[in-house]
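In our numbering, the protein residues as written are 1 to 162. Note that beta-carbon positions come from the ideal geometry of N, C-alpha and C, so glycine has one too. Note sheet for the following structure.
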């Protein structure tokens with residue numbers, strides 16, 4: 001099987017894994033950092049949570065964020081279901097897990113770049129060492145994305161097509 005054919009036959013699995021990774025990465029961020037640890041909220045750098053009214057505004061925007069990542073997760077499940085119906089899709093745990101990691105990493109990297117650095121609407125952990133936390137989040141995202149990409153590409157090598 002040629003490498004191009006292998007990629008084409010894995011594309012539905014890779015696409016569903018990336019979308020699921022984007023969605024679950026966002027849900028993890030929202031649940032852990034926004035709700036459990038309460039390090040930040042969606043707009044906490046522009047609407048600090050010093051009053052109940054400001055907290056309510058932030059909670060609404062956290063809800064919009066969670067809803068968007070939930071929709072991405074549902075879309076990923078739908079795409080995975082569709083991939084399962086296709087007879088020519090090459091199923092591989094390595095490829096799928098790599099795609100999940102790639103999606104989570106892409107979410108972390110781009111959410112960190114856009115929301116933390118470009119827009120400045122919130123930071124991972126505001127206050128002392130804020131920039132270090134933000135850079136760590138970007139580095140984590142890059143590492144996860146690279147690890148996912150390596151897993152996806154390693155499947156081609158295992159199959160003798162890399």
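Bounding residues of the alpha helix (DSSP H) (the contiguous stretch that carries residue i)
{"i": "residue 106", "result": "93–111"}
{"i": "residue 77", "result": "52–85"}
{"i": "residue 154", "result": "130–158"}
For residue j and residue i, believed in contact at Cβ under 8 Å, the rounded distance
{"i": "residue 123", "j": "residue 108", "result": "Actually they do not touch by this definition, with Cβ atoms about 14 Å apart."}
{"i": "residue 144", "j": "residue 113", "result": "So it is not a contact: roughly 14 Å between Cβ atoms."}
Proximal residues to residue i (C-beta, below 6 Å), its chain only, five neighbours per side dropped
{"i": "residue 7", "result": "Residue placement at residue 7 cannot be trusted, given a pLDDT of 47 that sits under 50; what the coordinates show is reported in the next sentence. Closer than 6 Å at the Cβ level, and outside the excluded window around residue 7, lies no residue."}
{"i": "residue 98", "result": "148, 151 and 152"}
{"i": "residue 77", "result": "none"}
Residues near residue i by beta carbon distance below 7 Å, same chain, minus five either side
{"i": "residue 73", "result": "20, 23, 24 and 27"}
{"i": "residue 15", "result": "79"}
{"i": "residue 115", "result": "121 and 122"}
Buried/exposed call for residue i, threshold 16 Cβ in 10 Å
{"i": "residue 105", "result": "buried"}
{"i": "residue 83", "result": "buried"}
{"i": "residue 12", "result": "buried"}
{"i": "residue 30", "result": "buried"}
{"i": "residue 64", "result": "exposed"}
Contacting residues, own chain, Cβ-Cβ under 8 Å from residue i (five flanking each side not counted)
{"i": "residue 128", "result": "none"}
{"i": "residue 75", "result": "19 and 23"}
{"i": "residue 126", "result": "39, 40, 44 and 45"}
{"i": "residue 130", "result": "123 and 124"}
Query raised in the report: Within the chosen definition, does the stretch 93–113 reach the stretch 35–54 through at least 3 CB pairs nearer than 8 Å?
Result: The count of Cβ pairs closer than 8 Å, one atom from the stretch 93–113 and one from the stretch 35–54, stays below three, leaving the stretches out of contact.
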